[in-house]
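Asks: For what it's worth, our numbering labels the leading residue of the sequence shown as 40, then goes sequentially.
Mind having a look at this structure? Questions to follow.
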Amino acid sequence: MIPYKDDNPTHTTPYITAGIIALNGIIFILQMISQSGIKEATYAYGAIPHYLLTFEKVQPIHPALTVFSSMFMHGGLFHLGGNMLYLWIFGNNIEDVLGHLRFLVFYLFCGIFAAYAHALTSADSLIPMIGASGAVSGILGAYLLLFPRANVHTLIFLGFFITTVKIPALIVIGFWAIIQFINGLLSTGLHRGGGVAWFAHIGGFLIGLVAIKLWLPRRNRQWL
C-alpha cells in the first residue's frame with residue numbers, strides 16, 4: 040500500500056515543504072559525490088545516540104547539531120524518495136494550517152524529539168541515525184489528527200496487478216503507525232547493528248499527534 044497523493048486542497052503555496060524536499064535532494068547529491076563517501080559522512084554528521092546523550096565531542100560538529108544535520112541526510116535513493124513522497128503528500132496541508140515559519144519550526148521540533156526518542160532507547164549505540172523519517176512521522180501524526188477523513192490515493196498491489204483506491208487518511212496513516220509500533224516492540228532487546236530507527240518514527244509520530252494542538256494558530260483552532 041503506497042500513497043501518492045491526497046484530495047485535501049490547500050490555500051497557500053507550500054514553499055517550506057518544497058524547500059525541505061529540495062534541500063534533502065541537494066544534500067543527498069553532495070553525499071553521493073563526496074570524496075569521503077556516504078559512510079564517512081554518516082559517521083561525521085549523523086545523530087549518534089551515545090554522543091547525543093553524553094555530549095562527547097568526537098564528530099566534526101557538536102553532537103546537538105547532528106540532530107539537525109542528520110535530518111537532511113539519507114542512506115539511499117529509496118530512503119530519500121520514500122520520506123520525501125510522504126512529506127509532499129501530507130506536509131503541504133500542515134504547512135497550510137500552520138503557516139510557513141511555524142511549519143518549519145514544527146517540522147524541526149518533531150525531528151529533534153524523534154532523534155532523542157531513538158537515543159533514549161539505544162543509549163549505548165554508536166551507530167549513526169540519518170534521515171527525515173522522524174520529522175516526517177511528526178507530520179503524519181499531525182495530519183492524522185487534523186484530517187482523518189481526507190481521502191488518500193493509494194496504490195494497492197494484488198499479486199501481479201496494481202490498482203488505485205481512495206482510502207481515508209485514518210486508515211492509511213493508522214496502518215503505517217501500527218507497523219511502526221509492532222516493529223518497535225519486536226526490535227526491543229535485540230542487538231542493533233543498523234537498520235530502521237523504529238523508535239524515532241514512533242517518537243516523531245506521537246509528538247506530532249499530541250503537540251499539533253499547541254502549534255495551531257488561534258485562527259485555525261476550529262479544526263479541533
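Built from N, CA and C at the ideal position, the CB exists for glycine as well.
Values in this document were obtained by computation on a predicted structure and should not be read as measured data.
Can you name the start and end residues of the beta strand (DSSP E) that K205 belongs to?
Replies: Segment 200-207, the beta strand (DSSP E) holding K205.
Asks: Use the C-beta contact count for P167: other C-beta atoms within 10 angstroms, 16 or more gives buried, fewer gives exposed.
Replies: Answer is buried; the Cβ neighbour count reaches 16.
Asks: Assuming F152 contacts I246 (C-beta within less than 8 Å), just tell me the rounded distance between them.
Replies: Yes, they are in contact, since the Cβ atoms of F152 and I246 sit about 4 Å apart, within 8 Å.
Asks: So, using beta-carbon positions, are A181 and I133 closer together than 8 Å?
Replies: For A181 and I133, yes; Cβs fall inside 8 Å.
Asks: Where F238 and G150 are concerned, what is the direct C-alpha to C-alpha distance, given to the nearest angstrom?
Replies: The alpha-carbon atoms of F238 and G150 are separated by roughly 12 Å.
Asks: Going by C-alpha to C-alpha distance, which of H118, P187, G76, L159 sits closest to L248?
Replies: Out of H118, P187, G76, L159, P187 has the C-alpha closest to the C-alpha of L248.
Asks: Smallest Cα separation from V144: which of I217, R257, I59?
Replies: If we check each option's Cα against that of V144, I59 comes out closest.
Asks: Using a Cβ-Cβ cut-off of 8 Å (strictly less than) and excluding sequence neighbours within five positions of D135, which residues of its own chain qualify?
Replies: Around D135: T49, H50, T51, P53.
Asks: So, at 6 Å on beta carbons, what are the nonlocal neighbours of S108 in its own chain, with the 5 sequence-adjacent residues on each side left out?
Replies: Taken in chain order, the residues that qualify are Y84.
Asks: So L126 and I169 are in contact, right, with Cβ under 8 Å, and what is the actual spacing, rounded?
Replies: Actually they do not touch by this definition, with Cβ atoms about 15 Å apart.
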